[in-house]
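Enquirer: Protein sequence lines correspond, in order, to chains A and B.
Each residue of the first sequence is one higher than the last, beginning at 1 in this note's numbering.
Each residue of the second sequence is one higher than the last, beginning at 1 in this note's numbering.
The C-beta atom is built at its ideal place from N, Cα and C for all residues, glycine as well.
These numbers were taken from a predicted model, which means no experiment stands behind them.
Next up is a structure, given as structure tokens.
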Amino acid sequence: MPEYTIAAVAAVAAVIALEVRVFHTGLFRRAAYWVSMGIVFAFQVLVDGWLTKLSAPVVLYDEAGTTGVRVPWDIPIEDFLFGFALLTLVLLLWERAGRRMRADGS
Amino acid sequence: MTALAAATAAPPDERWQYLAILAGCLLVTLPLELVIGARVYRRPRRVIRAIAPAVVVFAVWDVIAIDRGHWRYNPSYVTGWELPGALPIEELAFFVVIPVCALLTYEAVTVVLAAIRRRTARTRAGTAGATRTAVGGA
Chain A
1 MPEYTIAAVA
11 AVAAVIALEV
21 RVFHTGLFRR
31 AAYWVSMGIV
41 FAFQVLVDGW
51 LTKLSAPVVL
61 YDEAGTTGVR
71 VPWDIPIEDF
81 LFGFALLTLV
91 LLLWERAGRR
101 MRADGS
Chain B
1 MTALAAATAA
11 PPDERWQYLA
21 ILAGCLLVTL
31 PLELVIGARV
41 YRRPRRVIRA
51 IAPAVVVFAV
61 WDVIAIDRGH
71 WRYNPSYVTG
81 WELPGALPIE
91 ELAFFVVIPV
101 CALLTYEAVT
111 VVLAAIRRRT
121 ARTRAGTAGA
131 TRTAVGGA
């Protein structure tokens, strides 16, 4: 498997493992999380679509590093795993920070 | 030769394109804080706790990916200002801006879902109350 593909799949697995094994925030059981990820996904298509468009790309990918599947438009599918991992990690840390701050009474 | 290079280079304003997109993301999501009341910007310490570790992890990933040639940035659309590891400052901005937009979305959705649940509960209570009154009156 190409390197970016491996890294992207591993990142998603690592973030899920972080919640299931360590944090236990319950984020994956919250409707707000899944609704938000749906909204974020739609906006990622717009923003990432602009950044990766082959006619005038802001970011250029080495085809050897990816599966080469670019959809929709010219977005490498790995980018969606990258985005999922980044934003799920942030939301997990946000939930954990909120819990800790409430526990501290701050 | 120099004239040709100058003519073919992207106009200098284009170098702000990536940063302009990120600024647009902040602008578009601002009503989530100001109108819906996501209360993300009003909790800066919690934002830092949520974003800082992710910035570090993903910046390291970015630097490795750049080094291994997985991706690179079009010099026409970035300022050219780089951090150690050839990391464009735009990427650092990306790792702050996009998570802030996601937090705003998540908190705004939480506010909206709570309002919908309250309304549904009130409607149910109202219906139950009306039924009780009707039964009690009869």
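1. From which residue to which residue does the beta strand (DSSP E) around L60/A run?
2. Is the CB of M1/A under 9 Å away from at least one CB in chain B?
3. For Y73/B, report the span of its alpha helix (DSSP H) as first-last.
4. Compare the C-beta of Y73/B against all C-beta atoms of chain A and say whether one is closer than 9 Å.
5. Provide the residue(s) that pair with R70/A in DSSP beta bridges, ordered along the chain.
6. Could you tell me whether the region 63-80 of chain B touches the region 96-106 of chain A, where touching means 3 or more Cβ pairs closer than 8 Å?
7. Round the Cβ separation of V12/A and L81/A to the nearest angstrom and send it over; I've been treating them as touching at under 8 Å.
8. Just reading off the alpha helix (DSSP H) that T52/A is part of, what are its end residues?
9. Could you tell me how far apart the beta carbons of L104/B and V35/B are, in whole angstroms, since I believe they sit closer than 8 Å?
10. What does V40/A touch in chain B if you count any residue whose Cβ is under 9 Å from its own?
11. What are the partner residues of P88/B, as DSSP defines its beta bridges?
Expert: Well, looking at it:
1. One-based indexing of the first sequence puts residue 60/A at position 60. L60/A -> beta strand (DSSP E) spans 59-61.
2. Translated into the one-based positions of the first sequence, residue 1/A becomes position 1. For M1/A, the answer is no, since every Cβ of chain B falls outside 9 Å of its Cβ.
3. Within the second sequence, numbered from 1, the residue matching residue 73/B stands at position 73. That residue, Y73/B, is in no alpha helix (DSSP H); its beta strand (DSSP E) goes 71-73.
4. Here residue 73/B is taken as the residue at index 73 of the second sequence, counted from 1. Judged by the 9 Å Cβ criterion, Y73/B is in contact with chain A.
5. Residue mapping note: residue 70/A aligns to position 70 of the first sequence, counting from 1. Paired residues: P76/A.
6. no
7. Here residue 12/A refers to the residue found at position 12 when the first sequence is read from its first residue. Here residue 81/A refers to the residue found at position 81 when the first sequence is read from its first residue. Rounded, the Cβ-Cβ distance is 5 Å, consistent with contact.
8. As a working mapping, residue 52/A is identified with position 52 in the first sequence. It spans 31-52 - the alpha helix (DSSP H) in which T52/A sits, taken as one unbroken run.
9. Position 104 of the second sequence, counted from the first residue, corresponds to residue 104/B. Position 35 of the second sequence, counted from the first residue, corresponds to residue 35/B. Wrong, their Cβ atoms sit about 11 Å apart, outside the cutoff.
10. Taking the first residue of the first sequence as 1, we reach residue 40/A at position 40. Per Cβ cutoff of 9 Å: I98, C101, A102, T105, Y106.
11. What you label residue 88/B is simply residue 88 of the second sequence in a count that begins at 1. E82/B, per the DSSP bridge assignment.
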